[in-house]
Amino acid sequence: RTPSIDQKVMFLSGGNQQKVVLAKWLARNAEILIFDEPTRGIDVASKVDIYQLMNELTAQGVAILMISSELPEILGMSDRILVMNQGAITAEFPAQQATQEKILQAAILPPGAVTSE
């Protein structure tokens, strides 16, 4: 909890800094949002807040592209999963067919060796 509304963002916790960044982008009413490692380095409570916000946004019709290196986060938050290696897509999975093992295997495929389920 911040002591004042005048608190500078740089002095907030990592989770609260992420929330400020999200609020700035949400004020734009975008139809598509890109979340690049949205929960890296923040506490569990802040992660839950961000996940809830992402779910609310998708329920309102906002498209979200989430980039994450945390497999449980990917599996828990995605409808569709694309795996990349060296800038190339190596696999695409519907979320219900994806597993950590499949994602890890696809992540080490050489570019051009695409797998799909």
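First residue of the sequence shown: 11, per our numbering; consecutive thereafter. Virtual Cβ for every residue (Gly too), placed ideally from N, Cα, C. Being a predicted model, the structure only gives us computed values, none of them experimental.
Within 10 angstroms of the Cβ of S56, are there 16 or more other Cβ atoms? Answer buried if so, exposed if not.
The sequence position of residue 56 within the sequence shown is 46, counting from 1. Buried.
Which stretch, first to last residue, makes up the beta strand (DSSP E) that contains M94?
Here residue 94 is taken as the residue at index 84 of the sequence shown, counted from 1. Taken as a continuous stretch (DSSP letters only), the beta strand (DSSP E) holding M94 covers R90 to N95.
Tell me the rounded alpha-carbon separation between L81 and P13.
The sequence position of residue 81 within the sequence shown is 71, counting from 1. The sequence position of residue 13 within the sequence shown is 3, counting from 1. The alpha-carbon of L81 is positioned some 35 Å away from that of P13.
Beta-carbon within less than 7 Å of G24's beta-carbon, same chain only, minus the 5 sequence neighbours each way: which residues are those?
Numbered from 1 along the sequence shown, position 14 holds the residue referred to as residue 24. G51 and I52.
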